[in-house]
Structure formats: structure tokens, C-alpha cells
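For the protein sequence lines, the chains are A and B, in the order given. According to this note's numbering, the residues represented by the first sequence are 1 to 113, in order. According to this note's numbering, the residues represented by the second sequence are 114 to 223, in order. Glycine is no exception: its CB is placed at the ideal position from the N, C-alpha and C atoms.
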Amino acid sequence: NAGVTQTPKFRVLKTGQSMTLLCAQDMNHEYMYWYRQDPGMGLRLIHYSVGEGTTAKGEVPDGYNVSRLKKQNFLLGLESAAPSQTSVYFCASSIRVINQPQHFGDGTRLSIL
Amino acid sequence: KQEVTQIPAALSVPEGENLVLNCSFTDSAIYNLQWFRQDPGKGLTSLLLIQSSQREQTSGRLNASLDKSSGRSTLYIAASQPGDSATYLCAALDNNDMRFGAGTRLTVKP
Numbered sequence: 001n002a003g004v005t006q007t008p009k010f011r012v013l014k015t016g017q018s019m020t021l022l023c024a025q026d027m028n029h030e031y032m033y034w035y036r037q038d039p040g041m042g043l044r045l046i047h048y049s050v051g052e053g054t055t056a057k058g059e060v061p062d063g064y065n066v067s068r069l070k071k072q073n074f075l076l077g078l079e080s081a082a083p084s085q086t087s088v089y090f091c092a093s094s095i096r097v098i099n100q101p102q103h104f105g106d107g108t109r110l111s112i113l
Numbered sequence: 114k115q116e117v118t119q120i121p122a123a124l125s126v127p128e129g130e131n132l133v134l135n136c137s138f139t140d141s142a143i144y145n146l147q148w149f150r151q152d153p154g155k156g157l158t159s160l161l162l163i164q165s166s167q168r169e170q171t172s173g174r175l176n177a178s179l180d181k182s183s184g185r186s187t188l189y190i191a192a193s194q195p196g197d198s199a200t201y202l203c204a205a206l207d208n209n210d211m212r213f214g215a216g217t218r219l220t221v222k223p
């Protein structure tokens, strides 16, 4: 009964390094989302996907790229990490966007030095 | 641009007290309003979802109301317990974009 699984849980990067965050869901959901959560702020949508092979920009997409090659996986990439990208990243999935709750993973805590 | 605000940022109450958490949003053209719970170091758990055509939703000791005309939603927690201690976030969905408030951190003291 895994739900939404995010890997890794913690990561420390140096400025300029690249990395990929993986999100996997086992609920056969069509929609998947990547958010970031910063202190004193609500979650902000980075990118989302409405189905396999599709991606779209959210509120704060700059500096990030995503891919949805398989329905169950949604990858978030940082090509050249910057200190401003230090945050907690959450992945979520849902059956469809309207009137269905989103299911969240436990987050990835990313620090960029 | 939709803005979602939650006041207060933190709330501390004694066990057994009934309490209300507030959420306001600036654009009434929303599809739904959701309330989430977030425990430290964890993701969000959906508590209640109110569709735009509804006025309230109830689950156990929780009751959420929605007033689109005034841009407000409230989450009522009856007979609070220490296990209710967490951060509660509301989120408004419009045009495929969910906007979150910063949350209210609730502490229920035994």
C-alpha cells in the first residue's frame, strides 16, 4: 500500500550540480504534480502532468525540467542547482484534477550549498 | 492571480476545546477548496474537499464550510485532542492550478 513514493528523502548538493528527483505512484493516477514548500509559504506548483508523455508548467517552473515517460513515474530535474532551490519538494498524484483529492508523498529535503 | 491566506499562523488550545481555522481566497471562481493536514516531516493528507456547488463537508469531528461570495472557508474541529496537533493547510483550485495557503500550526495541549 505504498501510494506515492519519493526518492531520495534527503540530498545535499553543491551549486551547479545536477540531480533528478523520482516520484512513483501505484494508484494508476493520470495526474501528477511537483510542488516546492518553503518556510512561511504554502506549496507552489512547479510542473504537472495530465498523463503519460505530457508535461505542463506551473507557477514556478524556472530552473526545473520534468519528464513523464511512464504513467507511474514523474521525474523532476535540476540541471544546474542554485541556492534558491533549497526547499522541500513534494510530489502528488490524483485521478483527475477537479473534485478529486491529491495524494502526496513524504517529500524530498534538498539543500544546495 | 489567486491568493490564499490563512490566519492565524499558529494556534494553541487546551484539549477538549472546539476551534475554527480560517482560510480566505481572493478569486471566487474556484472549482473546489481542500483542507489538508501536514505532520512534521511528512507530506499532506487530504481531510476534506468542498466542491464549488457545496456549502460544507463533514468527516468525523471535522466540518469544513465554503462561502464563495465572501472568499472564505473555515475548518471546525470539535473536541480537540493532542493528536490533532499538526499544520493545517487550505488550497483553492482554479484553472488546473491549486493555490495553497501557508498553513496554521495547531498545538493541542493535554
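Buried versus exposed call for T220 (chain B) [16 or more other C-beta atoms within 10 Å across all chains shown]: Per the 10 Å Cβ criterion, exposed.
Using the beta-carbon count (16 or more within 10 Å), is G42 (chain A) buried or exposed? buried
Quick one: is F10 (chain A) near chain B, going by C-beta distance under 8 Å? no
Using 8 Å as the Cβ pair cut-off and three pairs as the minimum, do the segment 16 to 32 of chain A and the segment 58 to 78 of chain A touch? yes
Using three-state DSSP, classify G77 (chain A) as helix, strand or coil. strand
Using a cut-off of 8 Å between C-beta atoms, extract the partners of N99 (chain A) located in chain B. Y144, N145, L162, Q164
Using the rule of at least 16 other Cβ atoms within 10 Å of the residue's Cβ for burial, across every protein chain shown, is T171 (chain B) buried or exposed? exposed
Can you list the residues of chain B that M41 (chain A) reaches, using a CB-CB cut of under 8 Å? A215, listed in chain order.
So, at 7 Å on beta carbons, what are the nonlocal neighbours of Q37 (chain A) in its own chain, with the 5 sequence-adjacent residues on each side left out? L43, S87, V88, F90
Does any residue of chain A have a CB that is nearer than 8 Å to the CB of K181 (chain B)? At least 8 Å separates the CB of K181 (chain B) from every CB of chain A.
Straight-line gap, L162 (chain B) to D152 (chain B) (C-alpha atoms, nearest Å): 19 Å
Cut-off 8 Å between Cβ atoms - residues of its own chain near V50 (chain A), not counting five sequence neighbours on either side: Cβ-Cβ distances below 8 Å link V50 (chain A) to E30, Y31, A56, V97 in the same chain, with the five nearest sequence neighbours on each side left out; the list follows chain order.
Does any residue of chain D have a CB that is nearer than 8 Å to the CB of D207 (chain B)? In summary, chain D is missing from the structure at hand, where the protein chains are A and B.
So what does DSSP say about D197 (chain B), is it helix, strand or coil? helix
Just checking: is the beta-carbon of D140 (chain B) within a distance shorter than 8 Å of some beta-carbon in chain A? Taking a beta-carbon distance threshold of 8 Å, D140 (chain B) does not count as an interface residue toward chain A.
Between L45 (chain A) and chain B, is the shortest Cβ-Cβ distance under 8 Å, so that the two count as touching? By this cut-off, L45 (chain A) is an interface position.
Does the contact criterion of 3 or more C-beta pairs under 8 Å hold for the segment 120 to 140 of chain B versus the segment 191 to 198 of chain B? yes
Where F74 (chain A) meets chain B, residues with beta-carbon distance less than 7 Å: Near F74 (chain A) there are no residues of chain B at all, since even the closest Cβ is about 14 Å away, more than 7 Å.
Is DSSP giving Q25 (chain A) helix, strand or coil here? The answer is strand: DSSP assigns Q25 (chain A) an E or B state.
Any idea if A82 (chain A) is buried or exposed, counting beta-carbon neighbours within 10 angstroms, 16 or more meaning buried? exposed
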